[in-house]
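Participant:
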Amino acid sequence: MRALHAELMRIPDFRRRQGRKHTVACVLCVHILAEIANMKGCLAAAQFARALSQEELEAVGAWRNRRTGLCEPPSKSTIHRVVQMIDPEALEDVVGRYCGPRLPLARALAAESAHDF
2 MRALHAELMR
12 IPDFRRRQGR
22 KHTVACVLCV
32 HILAEIANMK
42 GCLAAAQFAR
52 ALSQEELEAV
62 GAWRNRRTGL
72 CEPPSKSTIH
82 RVVQMIDPEA
92 LEDVVGRYCG
102 PRLPLARALA
112 AESAHDF
């Protein structure tokens, strides 16, 4: 999660600073991980985010509430707003850089598991 979040930090945040809690990197990291878990859409991504542990929320760069000291997941509306406004080419570049080195391992694991059946 931390490696994906680090790659996503390269995408500039297009939103105004006022009222912004979660970085674009955090929101996209949650959305991508939810998609990997076959949870499609912004509502599913928000539900996925709410199910993350504090350690996992910290790993994706979630906003920490100063009063409670707890990391809070991004809301459905925040996820929707970021996903709708993000530059798809910038996201594709970042995901490609993140996945590129990992693809040989993923293919090897898939081939290995295919032999198990």
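Just so we're aligned: the sequence shown equals residues 2 to 118 in this note's numbering.
Just so you know, even glycine gets a beta-carbon here, dropped at the ideal spot from N, CA and C.
Being a predicted model, the structure only gives us computed values, none of them experimental.
For A7, which residues from the same chain have a beta carbon less than 6 Å from its beta carbon, with the 5 sequence-adjacent residues on both sides left out?
Facilitator: As a first step, residue 7 is located in the sequence shown; it is residue number 6 there, counting from the start. Correct list: empty, nothing qualifies.
Participant: How many Å lie between I80 and T69 at the Cα?
Facilitator: Sequence index remark: in the sequence shown, residue 80 carries index 79 (1-based). Sequence index remark: in the sequence shown, residue 69 carries index 68 (1-based). I80 and T69: Cα-Cα distance of roughly 23 Å.
Participant: Quick check: what's the CA-CA separation for E93 versus K22?
Facilitator: Taking the sequence shown and counting its residues from 1, one reaches residue 93 at position 92. Taking the sequence shown and counting its residues from 1, one reaches residue 22 at position 21. Spanning the two alpha carbons is a distance of roughly 24 Å.
Participant: Taking the beta carbon of L34 as the centre, do at least 16 other beta carbons fall within 10 Å, making it buried, or is it exposed?
Facilitator: As a first step, residue 34 is located in the sequence shown; it is residue number 33 there, counting from the start. Buried: at least 16 other Cβ atoms inside 10 Å.
Participant: According to DSSP, R11 sits in a beta bridge with which residue or residues?
Facilitator: As a first step, residue 11 is located in the sequence shown; it is residue number 10 there, counting from the start. None, per the DSSP bridge assignment.
Participant: What's the C-alpha gap between V61 and N39?
Facilitator: On the sequence shown, residue 61 is found 60 positions in, with the first residue counted as 1. On the sequence shown, residue 39 is found 38 positions in, with the first residue counted as 1. Looking at the two C-alpha atoms, the distance is approximately 18 Å.
Participant: Report the CB separation of P89 from V31 in whole angstroms; it is logged as a contact under 8 Å.
Facilitator: Indexing the sequence shown from 1 puts residue 89 at position 88. Indexing the sequence shown from 1 puts residue 31 at position 30. Their Cβ separation, rounded to whole angstroms, is 18 Å, which puts P89 and V31 out of contact at 8 Å.
Participant: Nearest-angstrom Cα distance between L58 and A91?
Facilitator: As a first step, residue 58 must be located in the sequence shown, where it is residue number 57. As a first step, residue 91 must be located in the sequence shown, where it is residue number 90. Near 23 Å, if we compare the C-alpha coordinates of A91 and L58.
Participant: From G42 to E36, what distance separates their C-alpha atoms?
Facilitator: Locating residue 42 in the sequence shown gives position 41, where the first residue counts as 1. Locating residue 36 in the sequence shown gives position 35, where the first residue counts as 1. If you take the alpha carbons of G42 and E36, they lie about 8 Å apart.
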